[in-house]
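Position one of the sequence shown corresponds to residue -19 (my numbering), numbered consecutively onward. Here the structure is laid out as structure tokens; the discussion comes afterwards.
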Amino acid sequence: MKFKNKVYIITGATSGMGRSIALEFAKEGASLMLSGRNKERGEKVRTLSSQKNTSHFFSGDLSLELVNKSLVEECMTTFGRLDGVITNAGMLGLGNITDLPSEDWHKTFQINVHSVYYLLKYSIPEMLKNENGVVVINSSIAAFKSFPNHPAYCASKAAAVALAKQAALDYGPKIRVNAICPGPVDTPFLHDSAIAFPDPKSAVEEAGNSTLMKRLGQPEDIAKLAVFLASDDASWITGCSYTIDGGILTAG
Ligand SMILES: NC(=O)c1ccc[n+]([C@@H]2O[C@H](COP(=O)([O-])OP(=O)(O)OC[C@H]3O[C@@H](n4cnc5c(N)ncnc54)[C@H](OP(=O)(O)O)[C@@H]3O)[C@@H](O)[C@H]2O)c1
């Protein structure tokens, strides 16, 4: 039980990787403050992750600063402590630079970057009270590689990696901060991204075949890396970005 008596905020917990991260953290005994907008899915994940611990679900749109502040406050009111934050909520904002409405560019940055900044801004002071804390930021291989019609997504995910390194520099040694950069993972998000590619029908299958492991990632693959990075097993790891992509970047 790596996370017994510890409390973590996990954003984007209503679906895909966030859901799996919640379930893996729960197996390790963590108490969880889960967040997302969809209350029905949030309640399901809360119930599933409440076997050996306590989980709470907080519903709200994290693109707004005050919602991030309230999420941290709710965590402190409920549990009285905070040991780590997993920022995972994200959106695609598809469209090339000349066609993408400016509003969509801003929305993408609001959730993929600004929310990460807001969450760190309000959660780091709480973790510093224990003189110990961890942050895991779910970025993407899109931080390093371009994809058709993904300018807002790629730029925002690169910003998330930069933010992880900056926070590691400014708040070490008390707070460790790392980024995870997944390749194609089989979630609703990946299937939504298919329309950006020349042949949407085959895009998802091709993504799996383009990896060296010849398959899409599963949300559990990412959740296990998040557990490792948040745990004391990774106590000498900070300011790093972990590519977890079945080898798709290496394949070129
Ligand atoms: N799937 C991939 O291939 C892939 C690859 C690399 C990186 N990623 C990144 O991994 C993360 C998780 O994605 P996923 O694939 O697991 O997608 P997903 O299944 O669609 O989940 C996205 C999550 O983000 C939450 N969310 C989105 N906008 C939000 C907002 N404004 N406020 C609060 N919550 C919000 C959603 O909650 P509600 O629906 O309840 O609002 C949902 O829980 C994202 O940051 C994504 O960029 C995905």
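Positions of the beta carbon are idealized from the N, C-alpha and C atoms, including for glycine. From a predicted model like this one, the values you see are computed outputs, not experimental measurements.
Residue i Cβ short of 7 angstroms to ligand 1 heavy atom set
i	result
Met71	yes
Asn206	The amino acid at residue 206 is misidentified as Asn; the sequence shows Ala. Result no, Cβ not under 7 angstroms from ligand 1.
Met(-3)	yes
Arg17	yes
Leu170	yes
Asn110	no
Gly(-8)	yes
Ile217	no
Thr27	no
Ile228	no
Thr167	yes
Pro180	no
Leu100	no
Arg195	no
Ser190	no
Asn33	no
Leu42	yes
Arg156	no
Asn68	yes
Ser82	no
Pro105	no
Ser120	yes
Reference residue i; option with closest CA among the options
i	options	result
Ala(-7)	Phe89, Asn68, Lys204	Asn68
Leu72	Ile1, Val93, Ile217, Thr57	Val93
Ala206	Gly232, Trp216, Asn189, Ile224	Ile224
Lys109	Tyr97, Tyr133, Glu83, Gly64	Gly64
Lys49	Thr27, Lys19, Tyr98, Ala135	Tyr98
Gly163	Thr78, Asn189, Gln146	Asn189
Ser120	Leu170, Leu149, Ala231	Leu170
Arg195	Ile228, Pro180, Phe(-17)	Ile228
Gly9	Asn(-15), Gly70, Arg(-1), Glu23	Asn(-15)
Ile1	Ala231, Asp212, Pro199	Pro199
Pro168	Cys134, Lys101, Gly197	Gly197
Asn118	Tyr(-12), Tyr222, Val184, Met13	Tyr222
Ile66	Asp84, Gly16, Thr27, Thr34	Gly16
Lys24	Asn76, Phe124, Leu209, Ser(-5)	Ser(-5)
Ser30	Arg(-1), Ser211, Gly226	Arg(-1)
Met(-3)	Glu20, Ala203, Arg21, Ala214	Ala203
Trp216	Phe127, Ile(-11), Gly152	Gly152
Buried or exposed (CB count within 10 angstroms, at least 16 for buried), residue i
i	result
Pro105	exposed
Asp201	buried
Met(-19)	exposed
Ala159	buried
Glu4	buried
His36	buried
His130	buried
Ile155	buried
Leu149	exposed
Ser103	buried
Gly239	Outside the shown range of the chain, which is -19 to 232, sits residue 239, and nothing can be said about it.
Val183	One detail in the question is off: residue 183 reads as Ala in this sequence, not Val. Burial call: buried.
Leu209	buried
Gly232	exposed
(message) When you compare the segment 83 to 91 with the segment 39 to 47, are there three or more beta-carbon pairs, one atom per stretch, that lie closer than 8 angstroms?
(response) Yes, since at least three Cβ pairs between the segment 83 to 91 and the segment 39 to 47 fall closer than 8 angstroms, the two stretches touch.
(request) Please determine if the segment 173 to 183 and the segment 137 to 145 are in contact, where contact requires at least 3 C-beta pairs separated by less than 8 angstroms. (result) Flag = no, the segment 173 to 183 and the segment 137 to 145 do not touch.
(request) Please specify which runs of the alpha helix (DSSP H), each continuous and at least 4 residues long, are wholly inside the segment 91 to 115, giving them in chain order. (result) Whole alpha helix (DSSP H) segments, 4+ residues: 95 to 108.
(message) Quick check for students: name the residue ranges of the alpha helix (DSSP H) that lie wholly in the segment -1 to 48, counting only runs of 4 or more.
(response) 19 to 28, all fully within the segment -1 to 48.
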